[in-house]
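One structure below.
Residue numbers (our numbering), protein chains in the order written: chain W, 690 to 832; chain Y, -6 to 308.
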């Protein structure tokens, strides 16, 4: 059987990290293919529900990336996000979700190399803990 | 603590007679032992209903959001902190309220009594001098009051009201206790241990939402558990759905929970839901130096930020 590859869901801010992902691609930087990107308008748009939903639906890891403090397109969205993430990450770890599954970063639209490096880092870290099963629902889902 | 009753009635009568308030929210004696019920009194000839003893644990601030008119409310330390949070969130205006502050020595936990006497059939209970006498079918026991306190009252550090218009008695001595011992124990566990522990804890949950309904801060017109399209939280008692519910409920309490214990008291299956809210309380305190419901003019911690907030978890 082929080696297991993780699925990682990345929520990237439209104004910075999403651009960095694009630039990394255009610059032909080598990066792992395990990352599925969802573009969000700002890291402040991230709701903890999204992270839980991703894990429930089978993502092995979640990565949220936004603009560096002070660079937010909406002035302060990432500052609020930072507080939310800090508390939520701690809470998830506290109930037993492996810390290796959750990643946060600040990447500006010019930092393509940082994007590729963090992507590699995230994938390696998730690979270490293996497939995620804790939050995946076993019974039939009622939609 | 029983002499509070007369004082509460006296204040309530005066407020209603002078038409300073439209109504008073307080407690009346329950029909069975260890259960007092909230009561709304609007006329001075009904103030005799008001009552106070060690079974007034319910957080009366739960009746405040979006209420209009002038209201008198009987409030313990934790209730006044809830009132502070509610007025920060514009659910009630401070000048609408006449807060009858009750310095509190802790409320008692009926479940602890049941456990000690080995029966839920308690016929009567009375207390004095730090002792509690419980009697019923085939037993008549004298117990230490301190051993029957609600878990949140044992580690309470705000027994006195933080805001009030009038106190019913002199302030009581505040405790200095370590609030987070159990949280630190869990934090020190491995991921697997934590997971198994919380799976075990939440496996009892029947999704009745009593913890949500008892909470004074759960006042959203539409709760996240009732949302569909997208449905963020499944409605079954599957372990994933249950954990999702508890995580999100707790997260909504981040920086707001005053540890009044309403959720835990309301839980019909005895889940220690405060383990989650207390973890958030601890983190908020450690990361942002904030304690919920103490200062009227502060903003809640998730509604504000500092440029140099800790971010060592961010790459």
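Beta carbons are placed, not taken as given, at the ideal position from N, Cα and C, and that holds for glycine.
- With 16 or more other CB atoms across the displayed protein chains lying within 10 angstroms of its CB, residue 748 of chain W is buried.
- Against residue 179 of chain Y, the close residues of chain W are 783, in the order they occur along the chain (beta-carbon pairs closer than 8 Å).
- A distance below 8 Å between beta-carbons, with the five flanking residues on each side excluded, links residue 40 of chain Y to the following residues of its chain, in chain order: 2, 5, 6, 9, 17, 34.
- Looking at Y/141, Y/277, Y/119, the one whose alpha-carbon comes closest to that of residue 133 of chain Y is Y/119.
- Cα atoms of residue 20 of chain Y and residue 100 of chain Y: separation of roughly 13 Å, rounded to the nearest angstrom.
- A Cβ-Cβ contact shorter than 9 Å links residue 85 of chain Y with residue 76 of chain Y.
- When DSSP reads this structure, residue 133 of chain Y sits in a beta bridge with Y/128.
- Considering only beta carbons, the part of the region 223 to 245 of chain Y lying closer than 9 Å to chain W consists of 223, 224, 225, 226, 227, 228, 229, 231, 232, 233, 234, 236, 237, 239, 240, 241, 243, 244, in chain order.
- Where residue 737 of chain W is concerned, the enclosing alpha helix (DSSP H) starts and stops at 737 to 745.
- Burial check for residue 222 of chain Y: the Cβ neighbour count within 10 Å stays below 16, so the residue is exposed.
- Using a Cβ distance threshold of 9 Å, residue 693 of chain W and residue 756 of chain W do not count as a contacting pair.
- Beta-bridge partners assigned by DSSP to residue 91 of chain Y: Y/65.
- Check the Cα spacing between residue 735 of chain W and each of W/823, W/698, W/718, W/788: the tightest is with W/698.
- When the beta-carbon positions are compared, residue 754 of chain W and residue 709 of chain W come within less than 9 Å of each other.
- Per the Cβ contact rule, the region 218 to 235 of chain Y is not in contact with the region 158 to 174 of chain Y (fewer than 3 Cβ pairs under 8 Å).
- For residue 792 of chain W, the residues of chain Y that pass the 8 Å Cβ criterion are 308, in the order they occur in the chain.
- 269, 272, 273, 276, 277: these are the residues of the region 253 to 277 of chain Y whose beta carbon lies less than 8 Å from some beta carbon of chain W, given in chain order.
- Judged by DSSP in its simplified three-state form, residue 752 of chain W adopts strand.
- Between the region 250 to 264 of chain Y and the region 193 to 209 of chain Y there are three or more inter-stretch CB-CB distances shorter than 8 Å, so the stretches are counted as touching.
- Comparing alpha-carbon positions, the option among Y/239, Y/220, Y/172 lying closest to residue 276 of chain Y turns out to be Y/172.
- Proximity of residue 175 of chain Y to chain W, defined by a Cβ-Cβ separation below 9 Å, is not satisfied.
- At a cut-off of 9 Å, the C-beta of residue 775 of chain W has a neighbouring C-beta in chain Y.
- Taking 9 Å as the CB threshold, residue 82 of chain Y stays off the interface with chain W.
- Residues of the same chain with a CB within less than 6 Å of the CB of residue 793 of chain W, apart from the 5 flanking positions on each side, are 753, 774 in chain order.
- If you draw a straight line from the Cα of residue 732 of chain W to the Cα of residue 781 of chain W, it is about 19 Å long.
- For residue 45 of chain Y, there is no enclosing beta strand (DSSP E), since its DSSP letter is neither H nor E.
- Below the 7 Å Cβ cutoff, chain Y contributes 306 as neighbours of residue 778 of chain W, in chain order.
- Within the same chain, 29, 44 come within 7 Å of residue 22 of chain Y by CB-CB distance, once the 5 residues on both sides are set aside.
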